[in-house]
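In the working numbering, the protein residues as written are 785 to 1035. Below: one structure, written as structure tokens.
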Amino acid sequence: GLSGAEAYAGYGRDSAPVLARVGGGILWRGRFRTLLIGPEEERWDAVFIARYPSAGAFLAMVTDPDYREAVKHRQAAVLTSRLIRCAETPLDAPITVAAGPAEAEATAPDRTVGPSPAQIAAAEALPPDRPTYMLNLVRLRARAAYPDGHPLAEAGRSGAEAYADYARHALPALAEVGGETVWRGRFETVLIGPEAERWDRIFLVRYPSTEAFAALVDSPRYEAPILHRQAAILTSRLIRCAEAAPGAAFG
785 GLSGAEAYAG
795 YGRDSAPVLA
805 RVGGGILWRG
815 RFRTLLIGPE
825 EERWDAVFIA
835 RYPSAGAFLA
845 MVTDPDYREA
855 VKHRQAAVLT
865 SRLIRCAETP
875 LDAPITVAAG
885 PAEAEATAPD
895 RTVGPSPAQI
905 AAAEALPPDR
915 PTYMLNLVRL
925 RARAAYPDGH
935 PLAEAGRSGA
945 EAYADYARHA
955 LPALAEVGGE
965 TVWRGRFETV
975 LIGPEAERWD
985 RIFLVRYPST
995 EAFAALVDSP
1005 RYEAPILHRQ
1015 AAILTSRLIR
1025 CAEAAPGAAF
1035 G
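Rendered as structure tokens:
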């Protein structure tokens, strides 16, 4: 009669020695609070970033006999999951306009660009004075969709170009409220999840408090760049987490 949480804890415990043996580790872990952008029913019980010294190290882990035993706990525990492979990107790397390979926009799982009223209410109900992390997953449009009448509506810009403009103008406003990007990844593939799913931008932002995030959203300096974001994005996730205690195990 084990719960899913108990089974997953067993997976973390038994796989930790194998993870360490291949030189891997947990770079960051978060405690899920709410989904600010995305389907309202979506939630995650474990959110973390694991780092491996190479793709070969990951392969060595998943083929290790001890891991194959440990993963049985994971299979018993997990209802659904995502495992997204990324190359780590230096935080000081310049903002680029590069996007992933062109795909039919019809393959996007949904069209979530901003929060719903229910998601805003859920966010406002959480403690306002604690550090908070926002995990961002962004899929860009092939062509930016500015509103009719906007000076850029007929400019033929790509979603990547519009998003680069958003980032360039939003970063100073982020710094003003004490926020910072603490990790960035370049999407490579979804190892676990829908085959058609992909993300063009993946990054983790830390705010000193929820109030700081609210101050950013309400800032006049953020008003102009948000239009570029809305034009750029096909679908996205904004997953709000509290930082969880560090550890050497998954979960």
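Built from N, CA and C at the ideal position, the CB exists for glycine as well. For clarity, every value in this text was computed on a predicted model and none was experimentally measured.
Start-to-end residues for the alpha helix (DSSP H) that takes in GLU964: GLU964 -> not in any alpha helix (DSSP H); beta strand (DSSP E) instead, spanning 964-976.
N- and C-terminal bounds of the beta strand (DSSP E) containing GLU872: 867-873
GLY807 - DSSP class collapsed to helix/strand/coil: coil
Nearest candidate by alpha-carbon position, reference ALA1032, set ALA804, TYR795, ALA793: ALA804
GLY926 and ARG941 closer than 8 angstroms at C-beta: Gly is not the amino acid found at residue 926; the sequence shown has Ala there. Taking 8 angstroms as the Cβ cut-off, ALA926 and ARG941 do not qualify as a contacting pair.
For LEU936, the three-state DSSP class (helix, strand or coil): coil
Beta-carbon proximity list for GLU938, same chain, < 7 angstroms, skipping 5 on both sides: none
Reference LEU988, options LEU867, LEU919, ALA1008, closest by Cα: LEU919
Residues sharing a beta bridge with ALA834, DSSP: ILE810
Cutoff 7 angstroms; reference ALA999; Cβ partners in own chain excluding five residues on either side: VAL961
Residue closest to ALA877, alpha-carbon to alpha-carbon, out of GLY977, ALA1026, ARG952: ARG952
Between the CA atoms of SER799 and GLY785 - distance to the nearest angstrom: 22 angstroms
Sufficient close CB pairs (3 or more, under 8 angstroms) joining the segment 848-857 to the segment 963-982: no
Option in THR847, THR973, ALA830, GLY796 with minimal Cα separation from SER865: ALA830
Euclidean distance between Cα positions of ARG1005 and LEU975: 38 angstroms
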